[in-house]
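For reference, the structure discussed in these notes is given below.
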Amino acid sequence: MEKVLVLGSGKIGMSIAQSLMSSGDYALALGDADEGALDKRAPEGAETLVVDAGEPQSLEAAMAGRWAVINALPFFLNPGVAKAARAQGLHYFDLSEDISVTRQVREIAEGAGRLYAPQCGLAPGFVSIVAHHLVHSFDEAHDVRLRVGALAQFPDNVLRYNLTWSTEGLINEYCNSCEIIHDGDRRDVLALEGLESFSLDGVNYEAFSTSGGIGSLCESLDGKVRNLNYKTVRYPGHRDMIQMLARDLKLCEHREVFKDLIETGIPVTRQDVVIIFVTVTGMQGGLLSQESFVRKVYGDEDAAGQSAIQKTTAAGVMVLVDLLRDGKLPADGFLRPEQISLDDFMGNRFAAPYG
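Numbering that gives the first Met the number 0 puts the first residue of the sequence shown at 0, with every later residue one more than the last.
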């Protein structure tokens, strides 16, 4: 039985901890700075540890003697957690979409002798695997479009949005630059640009460029596709309101204020839906063809259930942990999500939310 440390007792961390404990194949420890939260939320049978993620000694003490750490903490803590994992010889997993911290994790992974797998949630993560799989079903792939959104099922405010996950991560998406491939060239573009509209199952949506969700796909598909981009899905009108806040009122320059405004004015919801819409066009057998992967994942209806973003994000990392345990992933080095076989992913017991 492998010993796994999950850091962070928020919604995603708890979803991971509960599922791994229920599997019966992992000896789980849950670490967080909030002892009260640990006492209330920890799954029965899990070890609980009060951990100060800003202190290397606290992190290393929590990791000692374990096989892997799953980092479900805010993105800015990732480099410190990765360094502690290296010092203690643990495999490392995280869920971050942040570009700069992932670069730091990659540097830490060099020569560590263990697997480092950042960005392995929903986006980046699962959608990266899907896109890479579709591209390789073409003789010549031209255009790759990734559209992903975590939306409220019943929004009733002007933004037509409710909070479903990390506010810091949301602000990163809206404020940081976005990497794309355009006409064969890798480049950065501004977030909130490239507004487009589409319909799915009779519902109208908009999509626009946001940061981080594309993960390492631009690196992996450089020279292999003509165009590649990632956009976040929202209900119509959301982008214009966010652009006013982020750009016109310059809240991207005052992110703590931005965070306070969002968390004060926008309710949290568990009644959400995750939309995944990945499309590739190119040549197959001499014909210009298109293939799409489309999923809608809904939050559980019962009060004790999980939201859609919990289920999909947690599934992304749990599948990878299980694949490593089963010997289907390399035991060391830096892993990009798209290096994973979609068949291996979907065949895993933890992939059920994507089925």
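Each residue gets a CB set at the ideal place from its N, CA and C atoms; glycine is no exception.
- Rounded to whole angstroms, residue 168 and residue 285 show a C-alpha spacing of 42 Å.
- The beta carbon of residue 21 is closer than 8 Å to those of 42 in its chain, skipping five residues each way along the sequence.
- Bridge pairing for residue 319: absent [DSSP].
- Rounded to the nearest whole angstrom, the C-alpha separation of residue 180 and residue 227 is 5 Å.
- Each residue's CA atom was taken as its position, placing residue 165 and residue 78 some 18 Å apart.
- Per DSSP, the continuous beta strand (DSSP E) segment holding residue 283 begins and ends at 271-283.
- Between residue 267 and residue 161 the beta-carbon gap is near 7 Å, inside 8 Å, which marks them as a contact.
- For residue 185, the closest C-alpha among the options 252, 218 and 15 is that of 218.
- Annotation: the continuous beta strand (DSSP E) that includes residue 70 extends over 67-70.
- Within the same chain, and ignoring the five residues on either side of residue 310 in sequence, the residues whose Cβ sits closer than 6 Å to its Cβ are 352.
- Looking at 273, 240, 129 and 44, the one whose alpha-carbon comes closest to that of residue 149 is 273.
- Of all alpha-carbon atoms in 153, 29 and 95, the one lying nearest the alpha-carbon of residue 44 is that of 29.
- Taking a 10 Å sphere around the C-beta of residue 0, we find fewer than 16 other C-beta atoms and assign the residue as exposed.
- According to DSSP, residue 142 shares a beta bridge with 226 and 280.
- By the criterion of at least three beta-carbon pairs nearer than 8 Å, the segment 253-268 is not in contact with the segment 224-240.
- If you compare the alpha carbons of 294, 281, 326 and 349 with that of residue 314, the shortest gap goes to 349.
- Non-local beta-carbon contacts of residue 187 in its own chain, meaning distances under 8 Å to residues more than five positions away in sequence, involve 176, 177, 178 and 179 in chain order.
- Looking from the CA of residue 90, the closest CA among 70, 76 and 75 belongs to 70.
- The Cβ atoms of residue 212 and residue 123 lie closer than 8 Å to each other.
- When C-beta atoms of the segment 116-132 are compared with those of the segment 83-103, three or more pairs fall below 8 Å, so the two segments count as touching.
- For residue 63 against residue 80, the beta-carbon gap comes to about 14 Å, at or over 8 Å, which does not count as contact.
- Under the three-state reduction of DSSP, residue 326 is assigned to coil, being neither helix nor strand.
- Bridge pairing for residue 148: 274 [DSSP].
- Excluding the 5 residues flanking it on each side, residue 292 has same chain C-beta neighbours closer than 6 Å at 129 and 277, in chain order.
- Burial of residue 40 is indicated by the presence of at least 16 other C-beta atoms within 10 angstroms of its C-beta.
- Here the segment 233-249 makes no contact with the segment 101-111; the two share fewer than three CB pairs at distances below 8 Å.
- Residue environment analysis places residue 49 among the exposed positions, since fewer than 16 neighbouring C-beta atoms fall within 10 angstroms of its C-beta.
- Annotation for residue 26: 0 and 2 place their beta carbon closer than 6 Å to its own, counting only its chain and skipping 5 residues before and after.
- Look at the beta carbons and you see the segment 330-342 touching the segment 127-141: at least three pairs across the two are nearer than 8 Å.
- At a Cβ-Cβ threshold of 8 Å, residue 113 and residue 325 do not count as neighbours.
- For residue 203, the enclosing beta strand (DSSP E) begins and ends at 202-208.
- Rounded to whole angstroms, the gap between the alpha carbons of residue 241 and residue 87 is 42 Å.
- Excluding its 5 nearest sequence neighbours in each direction, residue 47 has C-beta neighbours in its own chain below 6 Å: 29, 37 and 41, listed in chain order.
- If only uninterrupted alpha helix (DSSP H) runs of at least 4 residues are considered, those enclosed by the segment 76-106 are 77-87.
- Looking at the DSSP output, residue 2 sits in a beta bridge with 26.
- By the criterion of a C-beta distance shorter than 6 Å, residue 202 is surrounded by no residue of its chain, once the five residues flanking it on both sides are discounted.
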